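A.B. asks: Chains as they are written, first to last, in my numbering: chain U, 1 to 318; chain W, 319 to 765.
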Amino acid sequence: MGYDLNFGWNGAIGQVILGATKAEGGTRNISYRIGGGTTLQFLDGNPASPSPLVALEICDNPEYWSPIIKNYCGDLVHNVHEWAKAAEKVYKADLVRLYLTSTRQRNFSDISAVGKTVESVLSATGLPLIIEGSNEPKIDSDVFLKCGETAKGERLLLGTAEAGRYRSIAAAALAYNHSLIAQSPIDVNLAKQLNILLREIGVQHDHIMIDPYTGALGYGFEYSYSAMERIRFSALKGDTDLAMPVICSAIDSLTIKEVREAEPALQDEIALQWEFYTGIAAAVAGAEIICVRHPKTISMLKNAFTGMRSGAVFSEVK
Amino acid sequence: MALKALDVYKLLPKKNCKECGDPTCLTFAMKLASGKADVDLCPYLDEHAKSVLGATTRPPIRLVKVGVGERSFAVGEEFVLYRHDKTFNHPPGILFKVSDLWTPEEITAVTLRVRDESFTRIGTDLRFNGIAIENTSDSPDTFAQAVATVEESADLPLVLIAKNIEAFNAALIQIGSYQPLIHAATNENFREMSALAKKHSCPLVIKAHGLNDLTGLVKNCVAEGAKKLVMDLCPQSLGDFIITSTAVRQLAITRAVPDLGYPVFIDATHPPLQDAEIALGIVKYASVIITPPLSPASAKAALTLRQNIYTDPQKPIQMNPGLYRVGTPGKDAPVLLTVNFSLTFFTLQGYLESTRIPCFMLIVDTEGLSVLTAVAAGKLNETLVRDSIRKFEVEHEVSHKTLIIPGYSAPLSGRIEEATGWRVMVGPRDAAEIGEYLHEEWKKHES
Numbered sequence: 001m002g003y004d005l006n007f008g009w010n011g012a013i014g015q016v017i018l019g020a021t022k023a024e025g026g027t028r029n030i031s032y033r034i035g036g037g038t039t040l041q042f043l044d045g046n047p048a049s050p051s052p053l054v055a056l057e058i059c060d061n062p063e064y065w066s067p068i069i070k071n072y073c074g075d076l077v078h079n080v081h082e083w084a085k086a087a088e089k090v091y092k093a094d095l096v097r098l099y100l101t102s103t104r105q106r107n108f109s110d111i112s113a114v115g116k117t118v119e120s121v122l123s124a125t126g127l128p129l130i131i132e133g134s135n136e137p138k139i140d141s142d143v144f145l146k147c148g149e150t151a152k153g154e155r156l157l158l159g160t161a162e163a164g165r166y167r168s169i170a171a172a173a174l175a176y177n178h179s180l181i182a183q184s185p186i187d188v189n190l191a192k193q194l195n196i197l198l199r200e201i202g203v204q205h206d207h208i209m210i211d212p213y214t215g216a217l218g219y220g221f222e223y224s225y226s227a228m229e230r231i232r233f234s235a236l237k238g239d240t241d242l243a244m245p246v247i248c249s250a251i252d253s254l255t256i257k258e259v260r261e262a263e264p265a266l267q268d269e270i271a272l273q274w275e276f277y278t279g280i281a282a283a284v285a286g287a288e289i290i291c292v293r294h295p296k297t298i299s300m301l302k303n304a305f306t307g308m309r310s311g312a313v314f315s316e317v318k
Numbered sequence: 319m320a321l322k323a324l325d326v327y328k329l330l331p332k333k334n335c336k337e338c339g340d341p342t343c344l345t346f347a348m349k350l351a352s353g354k355a356d357v358d359l360c361p362y363l364d365e366h367a368k369s370v371l372g373a374t375t376r377p378p379i380r381l382v383k384v385g386v387g388e389r390s391f392a393v394g395e396e397f398v399l400y401r402h403d404k405t406f407n408h409p410p411g412i413l414f415k416v417s418d419l420w421t422p423e424e425i426t427a428v429t430l431r432v433r434d435e436s437f438t439r440i441g442t443d444l445r446f447n448g449i450a451i452e453n454t455s456d457s458p459d460t461f462a463q464a465v466a467t468v469e470e471s472a473d474l475p476l477v478l479i480a481k482n483i484e485a486f487n488a489a490l491i492q493i494g495s496y497q498p499l500i501h502a503a504t505n506e507n508f509r510e511m512s513a514l515a516k517k518h519s520c521p522l523v524i525k526a527h528g529l530n531d532l533t534g535l536v537k538n539c540v541a542e543g544a545k546k547l548v549m550d551l552c553p554q555s556l557g558d559f560i561i562t563s564t565a566v567r568q569l570a571i572t573r574a575v576p577d578l579g580y581p582v583f584i585d586a587t588h589p590p591l592q593d594a595e596i597a598l599g600i601v602k603y604a605s606v607i608i609t610p611p612l613s614p615a616s617a618k619a620a621l622t623l624r625q626n627i628y629t630d631p632q633k634p635i636q637m638n639p640g641l642y643r644v645g646t647p648g649k650d651a652p653v654l655l656t657v658n659f660s661l662t663f664f665t666l667q668g669y670l671e672s673t674r675i676p677c678f679m680l681i682v683d684t685e686g687l688s689v690l691t692a693v694a695a696g697k698l699n700e701t702l703v704r705d706s707i708r709k710f711e712v713e714h715e716v717s718h719k720t721l722i723i724p725g726y727s728a729p730l731s732g733r734i735e736e737a738t739g740w741r742v743m744v745g746p747r748d749a750a751e752i753g754e755y756l757h758e759e760w761k762k763h764e765s
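#1: For U/W9 and U/Y277, I'd like the C-alpha separation in whole angstroms.
#2: What are the start and end residues of each continuous beta strand (DSSP E) run of 3 or more residues lying completely inside the segment 399 to 433 of chain W, in chain order?
#3: DSSP state of U/S315, grouped into three classes?
#4: Please say whether U/I139 and U/I111 have beta carbons closer to each other than 9 Å?
#5: For the alpha helix (DSSP H) that contains W/M637, what are its first and last residues?
#6: Does U/A285 come within less than 9 Å of chain W when only Cβ atoms are used?
#7: Helix, strand or coil for W/I608? Go by DSSP, reduced to three states.
#8: From W/S727, W/L430, W/G528, W/A323, pick the residue whose C-alpha is nearest to that of W/V566; which is it?
#9: As a quick exercise: from U/T101, U/K22, U/A163, pick the residue whose alpha carbon is nearest that of U/V114.
#10: Starting from U/T38, trace the beta strand (DSSP E) in both directions and tell me its first and last residue.
#11: Does U/I252 get closer than 9 Å to chain W when you measure Cβ to Cβ?
#12: What three-state label does DSSP hand W/F446 in the structure shown?
#13: Of the residues W/P378, W/K332, W/G339, which one's Cα is nearest the Cα of W/D364?
#14: Decide if U/S315 is buried, meaning its Cβ has at least 16 other Cβ atoms within 10 Å, or exposed.
#15: Within the 9 Å Cβ cut-off, does W/N487 reach chain U?
#16: Could you check which residue in W/P652, W/T438, W/P611 has the C-alpha nearest to that of W/L413?
#17: So, under 8 Å CB-CB, U/P212 and U/A243 are touching, yes? Tell me the CB distance rounded to an integer number of Å.
#18: Pick from W/R708, W/H714, W/V703: whose alpha carbon is nearest that of W/I722?
#19: Could you spell out the range, first to last residue, of the beta strand (DSSP E) harbouring W/K546?
#20: Within 8 Å, do at least three Cβ pairs link the segment 186 to 201 of chain U to the segment 160 to 172 of chain U?
#21: Does the CB of W/P729 have a neighbour CB from chain U at under 9 Å?
#22: Output yes if chain W places a C-beta closer than 9 Å to the C-beta of U/F42; else output no.
#23: Chain W beta carbons: is any one of them nearer than 9 Å to that of U/G307?
#24: What residues in its chain sit with their C-beta under 6 Å from that of W/L430, if we drop five residues either side in the sequence?
#25: Who are the Cβ neighbours of W/A323 in its own chain at under 6 Å, not counting the five residues just before and after it?
#26: So, are the CB atoms of U/Q295 and U/Y72 less than 9 Å apart?
#27: Within 8 Å, do at least three Cβ pairs link the segment 597 to 611 of chain W to the segment 244 to 258 of chain U?
#28: Comparing the C-beta of U/R260 with each C-beta of chain W, is any distance below 9 Å?
#29: By the DSSP assignment, the alpha helix (DSSP H) with W/M679 in it spans what residues?
#30: Tell me, which residues are paired with U/A182 by DSSP?
#31: Rounded to the nearest angstrom, how far is the Cβ of U/S56 from that of U/I247, given a contact under 8 Å?
#32: Report yes if the CB atom of W/L397 is closer than 9 Å to the CB atom of W/I627, and no otherwise.
#33: May I have the straight-line CA-CA distance separating W/L621 from W/F446, to the nearest angstrom?
#34: In the segment 582 to 606 of chain W, which residue ranges form an unbroken alpha helix (DSSP H) of at least 4 residues, counting only runs that do not cross its ends?
#35: List the residues that DSSP assigns as beta-bridge partners of U/T117.
#36: For a cutoff of 9 Å on Cβ pairs, would you count W/L756 as touching chain U?
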């Protein structure tokens with residue numbers, strides 16, 4: 001007897017390519033085709049389907065970065081070149097997500113320093129890069145163009161475009177053929193709206209990843225979880241304006257009370273379990289890139305994803 | 319497929335005996351029609367009525383209760399595949415597994431931990447649910463002793479895991495009336511296990527791999543009189559669990575395969591993947607999760623994920639409006655306005671605590687809407703702010719008249735200044751930036 005497991009899905013998720021190898025015109029050791037699924041991740045029973053990628057978040061000014069990471073990584077956090085190198089060689093991340101936190105200082109204007117930082121990180125690692133620019137509309141344009149130009153040909157993922165603030169980043173992405181992150185506040189309709197706005201100014205669908213905004217576990221994660229599921233189902237049911245791969249970054253995980261106020265001996269373990277449980281749940285809800293800040297979370301997530309991929313097919317169902 | 323309440327009513331005995339727990343046969347019929355009650359609750363149905371009603375009126379996934387008393391828990395009675403379709407109803411029970419080869423001290427320590435440990439979040443106590451005792455020794459006597467050791471310390475729901483019937487007999491003589499979940503009936507032993515479950519009226523786990531074997535075993539056990547079933551899908555991998563559990567849920571809620579309409583059991587004891595198994599169990603439809611005693615870190619993360627996923631998405635959680643203190647604020651402390659959506663409150667509160675600057679949070683009643691939606695819907699407006707300042711007597715608490723409002727409510731700043739006579743400072747849109755804001759803007763304002 002056969003069981004009909006039809007969810008009414010007939011759409012497919014579009015693909016975004018991140019990173020460019022030498023043959024592809026860049027300098028990365030690897031490039032990724034992200035997306036392309038026709039069902040929820042892990043539900044296709046195909047061990048050959050790609051697992052979600054894990055990105056390590058680093059920054060070029062750790063002043064406001066979590067003390068948990070500063071303790072764990074030590075002096076690395078003051079040297080973005082070495083930090084990026086460790087992300088690949090020691091921590092085995094799939095991607096590096098660089099936050100240009102230096103640009104978030106008051107009256108920042110040293111745009112040439114941005115270029116130097118991006119160059120330094122590009123030379124430190126062969127992994128594809130995600131770069132988070134400034135937080136200040138006045139310098140957005142200069143910062144994003146500088147990133148885009150410096151990493152021309154590398155197919156970056158630039159972050160983060162929002163409904164009120166997407167033109168500078170889109171201009172940089174368009175000018176240098178990079179992709180961008182489109183973030184909306186935990187709402188399937190707002191996510192769609194932003195993707196349409198981006199399309200109208202010329203950003204192609206295969207250059208957009210959706211960030212539905214991820215609340216930390218215990219602080220709204222359930223909303224994000226459902227937003228991810230809804231975005232993915234709309235896409236699988238044929239809504240092409242939502243058929244982009246999803247990136248998830250629960251950036252508050254290390255600053256919420258349960259983690260921040262944990263007793264010192266437990267703090268590291270709580271931090272990574274918090275990131276781990278969030279990452280697993282987000283991956284089954286549809287996220288193709290999971291960003292973490294604690295280096296130890298990377299191998300935990302990657303091992304679990306391998307186990308989740310090795311699904312037996314329903315071959316025993318006759 | 320589904321019958322209307324009146325059609326159901328025609329098949330009922332119309333005695334209004336109340337033995338099903340409902341006041342009248344008509345109210346029982348209404349519950350049956352909406353899938354919220356089980357036909358078996360009525361003792362007077364003839365076989366014809368049972369067969370007509372059975373498959374179409376019971377909840378698509380039957381409710382199964384484990385244990386007795388205050389800590390007992392019920393699982394099943396789920397109706398949706400995705401929580402946003404409506405809500406998930408019964409959070410999975412998570413039970414710590416002990417072996418009968420452990421010393422009584424070790425077993426007691428775990429039992430007491432489950433009995434006493436609780437972790438409070440957003441006003442709710444989160445706890446683990448019970449103890450699973452495994453007959454690793456293969457000796458009925460050792461098993462019975464381990465069960466007695468657990469029973470001496472706490473009245474907790476139990477799962478009994480054994481391979482031979484003698485071990486179950488030895489344990490169930492002591493605690494059979496406490497409705498432990500017994501694990502497990504297989505194709506080989508289902509007659510004996512079903513008889514045991516029937517005799518003690520215990521819920522029974524059936525264990526089979528593959529949907530065909532599962533449905534076959536369900537039919538066999540039901541035919542033998544065991545009705546309270548839970549299904550161990552025997553996943554071969556994490557991926558196998560996701561796929562099989564999703565298939566079971568989908569086929570059950572659509573009533574395509576009614577025999578799969580029972581809660582799912584997962585044995586999350588495969589290091590180093592047990593945390594992944596627990597997380598997947600929680601999000602992908604497990605109702606009973608067995609795990610070794612968890613580290614404090616895993617414990618908190620698991621309980622928090624369960625709370626998140628089983629929160630009813632139809633009801634925003636609200637805070638009581640009022641003036642809340644962070645630390646012990648003095649007369650010159652900043653006053654920060656925000657809405658009474660609980661998530662906004664707890665997020666902002668967390669960041670304010672980490673700034674170590676004592677302050678006041680003025681929480682106004684936007685009926686649980688977030689800042690962005692409350693501004694858009696006009697719920698957050700200058701009148702509400704003015705009235706809240708008066709009602710909560712903010713002017714008695716501070717010696718200044720400066721109010722920090724959320725970044726997303728910036729368009730209201732002028733109107734709030736006019737209505738209240740307070741000076742308004744527009745804070746950041748993201749609560750994460752409040753520390754920096756207070757250290758820079760508020761300090762500057764003070765000097």
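For every residue, glycine included, the Cβ atom is placed at its ideal position computed from N, Cα and C. These numbers come from a predicted model, not from an experiment.
C.D. replies: Working from what's here:
#1: The residue you call residue 9 of chain U lines up with position 9 of the first sequence. The residue you call residue 277 of chain U lines up with position 277 of the first sequence. Each residue's alpha carbon lies about 27 Å from the other.
#2: 411 to 417
#3: Residue mapping note: residue 315 of chain U aligns to position 315 of the first sequence, counting from 1. In this prediction, U/S315 has a pLDDT of 32, which is less than 50 and means its spatial position is unreliable; what the coordinates show is noted afterwards. Helix, per DSSP.
#4: Within the first sequence, the letter at position 111 stands for residue 111 of chain U. Within the first sequence, the letter at position 139 stands for residue 139 of chain U. It is a contact, given that the beta carbons lie within the stated cut-off.
#5: Position 319 of the second sequence, counted from the start, is the residue given in the question as residue 637 of chain W. Here W/M637 belongs to no alpha helix (DSSP H), and DSSP marks it neither H nor E.
#6: As a working note, residue 285 of chain U is residue 285 in the first sequence. Answer yes: the Cβ-Cβ gap between U/A285 and chain W drops below 9 Å somewhere.
#7: Taking the second sequence and counting its residues from 1, the one referred to as residue 608 of chain W is at position 290. Correct three-state label for W/I608: strand.
#8: Counting from 1 along the second sequence, the entry for residue 566 of chain W is found at position 248. When each option's Cα is compared against that of W/V566, the closest is W/G528.
#9: For the purposes of this step, residue 114 of chain U is taken as residue 114 along the first sequence, with counting starting at 1. Here the closest residue by C-alpha is U/T101.
#10: Counted from its first residue, the first sequence places residue 38 of chain U at position 38. Careful: U/T38 lies outside any beta strand (DSSP E) and carries neither H nor E.
#11: Position 252 of the first sequence holds residue 252 of chain U. Here the sequence assigns Asp to residue 252 of chain U, which means Ile is not the residue at that position. Cβ-Cβ to chain W under 9 Å: yes for U/D252.
#12: By one-based count along the second sequence, residue 446 of chain W stands at place 128. Coil at W/F446, not helix or strand.
#13: In the second sequence, residue 364 of chain W corresponds to position 46, counting from 1. Per the Cα distances, W/K332.
#14: Position 315 of the first sequence holds residue 315 of chain U. Note on U/S315: pLDDT 32, under 50, position unreliable in the model; the coordinate value appears next. It is exposed - the Cβ of U/S315 has fewer than 16 other Cβ atoms within 10 Å.
#15: Mapped onto the second sequence, residue 487 of chain W falls at position 169. For W/N487, the answer is no, since every Cβ of chain U falls outside 9 Å of its Cβ.
#16: To locate residue 413 of chain W, count along the second sequence from 1; it is residue 95. The shortest C-alpha separation from W/L413 is found at W/P611.
#17: As a first step, residue 212 of chain U must be located in the first sequence, where it is residue number 212. As a first step, residue 243 of chain U must be located in the first sequence, where it is residue number 243. About 14 Å; that fails the 8 Å criterion.
#18: As a working note, residue 722 of chain W is residue 404 in the second sequence. Ranking the options by Cα distance to W/I722, first place goes to W/V703.
#19: Indexing the second sequence from 1 puts residue 546 of chain W at position 228. Careful: W/K546 lies outside any beta strand (DSSP E) and carries neither H nor E.
#20: yes
#21: Reading the second sequence from its first residue, position 411 is the one you call residue 729 of chain W. Output row for W/P729: interface = no.
#22: By 1-based counting over the first sequence, the position of residue 42 of chain U is 42. Output row for U/F42: interface = yes.
#23: Counting from 1 along the first sequence, the entry for residue 307 of chain U is found at position 307. Output row for U/G307: interface = yes.
#24: As a first step, residue 430 of chain W must be located in the second sequence, where it is residue number 112. Answer for W/L430: S471, listed in chain order.
#25: The residue given as residue 323 of chain W occupies position 5 in the second sequence. Only A347, M348, A351 meet the Cβ criterion.
#26: Taking the first sequence and counting its residues from 1, the one referred to as residue 295 of chain U is at position 295. Taking the first sequence and counting its residues from 1, the one referred to as residue 72 of chain U is at position 72. The residue you asked about is not Gln; residue 295 of chain U is Pro in the sequence shown. Yes, the Cβ-Cβ distance between U/P295 and U/Y72 is below 9 Å.
#27: no
#28: Taking the first sequence and counting its residues from 1, the one referred to as residue 260 of chain U is at position 260. True, the Cβ-Cβ gap to chain W drops below 9 Å.
#29: Your numbering for residue 679 of chain W matches position 361 in the second sequence. Unbroken run through W/M679 is the beta strand (DSSP E), 677 to 682; no alpha helix (DSSP H).
#30: Sequence index remark: in the first sequence, residue 182 of chain U carries index 182 (1-based). DSSP, once it has assigned bridges, lists U/A161, U/I210 as partnering U/A182.
#31: As a working mapping, residue 56 of chain U is identified with position 56 in the first sequence. As a working mapping, residue 247 of chain U is identified with position 247 in the first sequence. The residue you asked about is not Ser; residue 56 of chain U is Leu in the sequence shown. Not really, about 14 Å apart at Cβ, beyond 8 Å.
#32: As a first step, residue 397 of chain W is located in the second sequence; it is residue number 79 there, counting from the start. As a first step, residue 627 of chain W is located in the second sequence; it is residue number 309 there, counting from the start. Reading the sequence as shown, one finds Phe at residue 397 of chain W and not Leu. The answer is no: Cβ separation not under 9 Å.
#33: For this step, residue 621 of chain W is matched to residue 303 along the second sequence. For this step, residue 446 of chain W is matched to residue 128 along the second sequence. Straight-line Cα distance between these residues: approximately 8 Å.
#34: 592 to 601
#35: The residue you call residue 117 of chain U lines up with position 117 of the first sequence. None, per the DSSP bridge assignment.
#36: Reading the second sequence from its first residue, position 438 is the one you call residue 756 of chain W. For W/L756, the answer is no, since every Cβ of chain U falls outside 9 Å of its Cβ.
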